[in-house]
Amino acid sequence: GAVVSQHPSRVICKSGTSVKIECRSLDFQATTMFWYRQFPKKSLMLMATSNEGSKATYEQGVEKDKFLINHASLTLSTLTVTSAHPEDSSFYICSAPTKREGQFPYNEQFFGPGTRLTVL
Amino acid sequence: AQSVTQLDSHVSVSEGTPVLLRCNYSSSYSPSLFWYVQHPNKGLQLLLKYTSAATLVKGINGFEAEFKKSETSFHLTKPSAHMSDAAEYFCVVSGTPSGYSTLTFGKGTMLLVSP
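Residue numbers (the working numbering), protein chains in the order written: chain V, 2 to 121; chain P, 17 to 131.
This is how it looks when you write it as structure tokens:
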């Protein structure tokens, strides 16, 4: 099956610094990737849709200047949390879809293992 | 527009007894439906999916789910719980007429399994 990786898996940083999280599709190309945020004991909330070669689309309430997304290639999207603060501490997960053909085609999302960000 | 409602935030069962995790959905289009499992501090793992094929879907680890359009439900079941099944389970809906669509997650159901 398709594999999506994230790096780093865990990061601790000081307040005010910026942190970059990478999301890679290892064995398939992804023109679109999605970034989610998951608070403790909560569901996943879609933050933004990352589009290769164009600007990301942000969900309502997500600060685009705070969470910079760059989709530089067909296998890599990055999320940069700028000037991080303790309230940005969370579990960030990316996903990439791939189309499954057949009698009943559908889009299947593959999720990265997540990145645990802790801002001190 | 689409939404997912997981009817129970927590479900407690004894090892060896059946599991039922309930999910209702709404979608403007013919949806694709998924169940994912997340163990503590781990990523999401796909259990099973419904994509307009058979309404009874079998997944990994003995789980299955039945798509019932008339009830707009997609409940997850397992005949006999195992201790290793203790985790958070998410019901997810996806559906647009064409192209890649975003996923809408339910709030999750924590499955607790006691010896």
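Virtual Cβ for every residue (Gly too), placed ideally from N, Cα, C.
Between residue i and residue j, is the Cβ-Cβ spacing less than 8 Å?
| i | j | result |
| --- | --- | --- |
| P:T67 | P:N40 | no |
| P:H91 | P:A102 | no |
| P:L60 | P:F79 | no |
| V:Q30 | V:P114 | no |
| P:M99 | P:V73 | no |
| V:R25 | V:L75 | no |
| P:F121 | V:S91 | no |
| V:K21 | V:T81 | yes |
| P:T93 | P:V35 | yes |
List the residues of chain P that residue i touches, going by C-beta distances under 9 Å, in chain order.
| i | result |
| --- | --- |
| V:F68 | Simply none; closest approach about 16 Å. |
| V:P114 | K58, G59, L60 |
| V:I94 | G59, L60 |
Does DSSP classify residue i as helix, strand or coil?
| i | result |
| --- | --- |
| P:S114 | Here the model assigns P:S114 a pLDDT of 44, short of 50, so the residue's position is not dependable and the matter cannot be decided. |
| V:E109 | strand |
| P:S25 | coil |
| P:V20 | strand |
| P:N77 | helix |
| V:P1 | The shown model of chain V, from 2 to 121, leaves out residue 1 of chain V, and the question about it has no answer. |
| P:E31 | coil |
| V:E88 | helix |
| P:S130 | strand |
| P:S100 | helix |
| P:S44 | coil |
| V:V20 | strand |
| V:L75 | coil |
| P:K123 | coil |
Going by C-alpha distance, which of the options is nearest residue i?
| i | options | result |
| --- | --- | --- |
| V:T79 | V:K65, V:P114, V:N71 | V:N71 |
| V:T116 | V:Q39, V:K100, V:K67, V:S44 | V:Q39 |
| P:S46 | P:K85, P:Q54, P:E31, P:L60 | P:K85 |
| V:T33 | V:C95, V:P114, V:P41 | V:C95 |
| V:V63 | V:A49, V:V120, V:E109, V:G17 | V:A49 |
| V:K65 | V:T83, V:G54, V:K100 | V:T83 |
| P:G75 | P:S25, P:W51, P:S89 | P:W51 |
| V:L47 | V:T18, V:G54, V:V120, V:Y59 | V:Y59 |
| P:F106 | P:L127, P:T71, P:P95, P:A69 | P:L127 |
Starting from residue i, find everything on chain V with Cβ-Cβ shorter than 9 Å and list it in chain order.
| i | result |
| --- | --- |
| P:F106 | S44, L45 |
Closer than 8 Å by beta-carbon distance: list the chain P residues that pair up with residue i, in chain order.
| i | result |
| --- | --- |
| V:F35 | T118, L119 |
Could you list which residues in chain P have their beta carbon closer than 7 Å to that of residue i, in chain order?
| i | result |
| --- | --- |
| V:Q110 | L119 |
If the cut is a Cβ gap below 7 Å, which residues of chain V does residue i touch?
| i | result |
| --- | --- |
| P:G124 | S44 |
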